[in-house]
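Chemist: Residue numbers (the working numbering), protein chains in the order written: chain A, 1 to 246; chain B, 1 to 246.
The structure's right below; bear with me while I get my questions together.
Okay, here's the thing in structure tokens:
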């Protein structure tokens, strides 16, 4: 089996080594080739010393998957890295699509702590009930689809975790999302904002839907919009499951 | 700080030690008291030797949170364990609710690999786009709320991750969910079913929405219903992000 190599898509978790799983660490240690965005390779620099590292910028996802599959077919042991969980807007689907119908049994996905779980843990417990995860990036998804999902999730009282809320080129989507959510939720709905979870520059803020537009948000930010039950408890944001606590 | 103890709500991940984070492991090692469902304590038996272990059955969540807070107030170092991520239908919200307004800064949530991420990794990459997570347990949530969420998520073409699909006492909810989803999605919609992810007895099955009722499902099962783009690629289930792969 090792002679024909393998290909593992590895979730690094939110960023800090301590939030990585033993399985992910082991996968990196056994790999010969590591393929990833250079920002994520920098997070694990000393783990990948002496290995072939293929670092490509953020927009080169398709190329990263192709190189990984090519190296697999050369019989190498390859890891493709994703921050958070590779199944959630990460490299897992793209790598499997690139492999096509004949995904061999030496290909596997190593799950990680997702950006959503990491942000929620730092805020308290905002995901304590049913939730929806939506990316505001309309680079690959028509904006009408995103709008429809925002409206449906808000109307059905899901907690909402919003990823990719803003980037340098995408600056209006979060404001528009706020408008859509405000149709279904009062402006005092609790909102949590986490930047750089478990990384240098970590910032955690609790605000409201009405003030969302004032928050400092970038592409390394996760925004969590509470449901009708979510509330502040001291510094924490909590969505009750429904237990009778008292 | 250590004199006044601490309280950590720790995510164990799906079950196998290799999917636990270093941070979770360290928290367990430093704890004096471990509070949890005995089934989960059994998963980490040799890590908790010599510690005070408070094992309570599945229905005693409120009591577990109370005992943990009581031990914290006695100045002990306490871990409350949850499988998966403690923020997703786990103990995080209940512990914070029990603490109330004055959640002290020696209380923290340690995130884990969620049951949803684990199931998705074993299936391939079904969560490759926006998704909603819904529990079918109506013990604490009115069934009408659950129905509304199922309908809204299906209509807006979210991938759906369904937790707690069935138990010995709750045997009709999954069939009803199937009916609701079938209003909005064709019966050949791809569905993945994972039992006992990363645990003994692990079983992974790919089926369709139309055949969901025939699947073997219990309370340790996660069901993932694809969106309109989800498809089988060989043995894997993949939801494309939208990249042009070819």
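C-beta atoms are modelled at their ideal positions from N, C-alpha and C, and glycine is treated no differently.
1. May I have the straight-line CA-CA distance separating residue 145 (chain B) from residue 136 (chain B), to the nearest angstrom?
2. The alpha helix (DSSP H) spanning residue 117 (chain A) covers which residue range?
3. Can the beta-carbon of residue 112 (chain B) be found closer than 8 angstroms to that of residue 13 (chain B)?
4. Under three-state DSSP, which class holds residue 2 (chain A)?
5. Looking only at its own chain, which residues have a Cβ that is under 6 angstroms from the Cβ of residue 2 (chain B), when we skip the five neighbours before and after it?
6. Assign residue 10 (chain B) to one of two classes, buried (16 or more other C-beta atoms within 10 Å of its C-beta) or exposed (fewer than that).
7. The alpha helix (DSSP H) with residue 25 (chain A) in it runs from where to where?
8. Give the range of the beta strand (DSSP E) segment to which residue 192 (chain B) is assigned.
9. Going by the DSSP bridge assignment, what does residue 262 (chain B) pair with across the sheet?
10. Please say whether residue 140 (chain A) and residue 40 (chain B) have beta carbons closer to each other than 8 angstroms?
11. If residue 83 (chain A) and residue 192 (chain A) are in contact, beta carbons under 8 angstroms, what's the gap, nearest whole angstrom?
12. For the segment 221 to 236 of chain A, which residues have a beta carbon sitting closer than 7 angstroms to at least one beta carbon of chain B?
13. By the criterion of Cβ-Cβ separation under 7 angstroms, what are the contact partners of residue 179 (chain A) in chain B?
14. Given that a residue counts as buried once 16 or more other Cβ atoms are within 10 Å of its Cβ, and exposed if not, what is residue 93 (chain B)?
15. Exposed or buried, which one is residue 216 (chain A) when buried takes at least 16 other CB atoms within 10 Å?
16. If you follow the alpha helix (DSSP H) that residue 40 (chain B) is part of, which residue opens it and which one closes it?
17. Only counting the same chain, and skipping five residues up and downstream in sequence, which positions put a Cβ closer than 8 angstroms to that of residue 188 (chain A)?
18. Is residue 169 (chain A) buried or exposed, if buried means 16 or more other CB atoms sit within 10 Å of its CB?
19. Along the alpha helix (DSSP H) that carries residue 183 (chain A), what are the first and last residues, could you check?
20. Which same chain residues, not among the five before or five after residue 212 (chain A), have their C-beta less than 6 angstroms away from its C-beta?
21. Use the C-beta contact count for residue 128 (chain A): other C-beta atoms within 10 angstroms, 16 or more gives buried, fewer gives exposed.
Modeler: Judging by the given coordinates:
1. Computed Cα separation, rounded: 10 angstroms.
2. Counted as a single uninterrupted DSSP element, the alpha helix (DSSP H) harbouring residue 117 (chain A) occupies residues 115 to 123.
3. Going by C-beta atoms, residue 112 (chain B) is nearer than 8 angstroms to residue 13 (chain B).
4. Legend: pLDDT at residue 2 (chain A) = 43, less than 50; position of this residue unreliable, no value from coordinates given.
5. Here the model assigns residue 2 (chain B) a pLDDT of 43, short of 50, so the residue's position is not dependable and the matter cannot be decided.
6. Here residue 10 (chain B) is buried. Its C-beta has 16 or more other C-beta atoms within 10 Å.
7. Residues 22 to 30.
8. In the DSSP assignment, residue 192 (chain B) falls within the unbroken beta strand (DSSP E) covering 190 to 195.
9. Since the first and last residues shown for chain B are 1 and 246, residue 262 (chain B) lies out of range.
10. Judged by beta-carbon spacing, residue 140 (chain A) lies beyond the 8 angstroms limit of residue 40 (chain B), meaning their Cβ atoms are not closer than that value.
11. Contact between residue 83 (chain A) and residue 192 (chain A) does not hold, since the beta-carbon distance rounds to 19 angstroms and is not under 8 angstroms.
12. In summary, the residues of the segment 221 to 236 of chain A whose CB is separated from some CB of chain B by less than 7 angstroms are 233, 234, 235, 236, in the order they occur in the chain.
13. The premise fails here: residue 179 (chain A) is roughly 17 angstroms from chain B at the closest Cβ pair, so nothing lies under 7 angstroms.
14. Buried, because 16 or more other Cβ atoms sit within 10 Å of the Cβ of residue 93 (chain B).
15. Burial call: exposed.
16. Residue 40 (chain B) -> alpha helix (DSSP H) spans 38 to 43.
17. The residues 208, 209, 210, in chain order, have a CB closer than 8 angstroms to that of residue 188 (chain A) in the same chain once the five nearest residues on each side in sequence are set aside.
18. Around the CB of residue 169 (chain A), fewer than 16 other CB atoms lie within 10 Å, so the residue is classed as exposed.
19. Unbroken alpha helix (DSSP H) run through residue 183 (chain A): 173 to 184.
20. If we look at residue 212 (chain A) and ignore the five residues flanking it on each side, its Cβ neighbours are 178, 191.
21. The residue in question, residue 128 (chain A), is buried, as its Cβ has 16 or more Cβ neighbours within 10 Å.
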